[in-house]
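If you're matching positions, the sequence shown starts at 0 in numbering that gives the first Met the number 0 and goes up one per residue.
Glycine is no exception: its CB is placed at the ideal position from the N, C-alpha and C atoms.
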Amino acid sequence: MSVHMRSETGDECFAKANAPYDHTYTGLSAYINLGIDSRKLVMGVPWYGNDYLCKHFQELADEYHEVWYDDPESLSLKATIMKKLKLRGIGAWFGGFLNYSVNPTAAMQTEDMWNALCPIRRKWSV
């Protein structure tokens, strides 16, 4: 899965996307370059965000949060990787994080997230 490429578990942590496009593309390309058939690879993408507590070294008393997550636009870009590398498919972790309420705005946003996974424009209805 193309998730948690950024986290607070390493030596240094910088607030950035947890599955950046370039890291995702490079990682999948590396598997293919090892001889793995691209049609056997499914790209996993995160449907959750990371919340980073950020502090400036001169202002330790003040704090702010930086939150990174994928949206339909960034997911659409990643879905093009699937098509370009001829992968088996794409899957999201975790669809339960979306808002499936009857609120019209939430319904539209949820549908947009599902549609972003379809570079070959098959529309989903949620």
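For G94, the closest alpha carbon among the candidates D21, L52, N114 and S28 is that of N114.
Taken atom to atom, the span from the alpha-carbon of M42 to that of D69 is near 15 Å. Within the same chain, Cβ atoms closer than 6 Å to the Cβ of V66 are found at G48 and D50, the five residues on either side in sequence being excluded.
Under the three-state reduction of DSSP output, N32 falls in the helix class. Under the three-state reduction of DSSP output, W67 falls in the strand class. Within the same chain, no Cβ atom closer than 6 Å to the Cβ of K83 is found once the five residues on either side in sequence are excluded. Note: Y51 is bridge-paired with E65 in the DSSP secondary-structure output.
M81 and L97 have their C-alpha atoms roughly 22 Å apart. Annotation for W92: the continuous beta strand (DSSP E) segment containing it runs G88 to W92. Exposed is the label assigned to A29, since fewer than 16 other Cβ atoms lie within 10 Å of its Cβ.
Separation of N32 and T25 (C-alpha to C-alpha, rounded to the nearest whole angstrom) is 10 Å.
Excluding residues up to 5 positions away in sequence, R87 lie with their Cβ nearer than 6 Å to the Cβ of R38 in the same chain.
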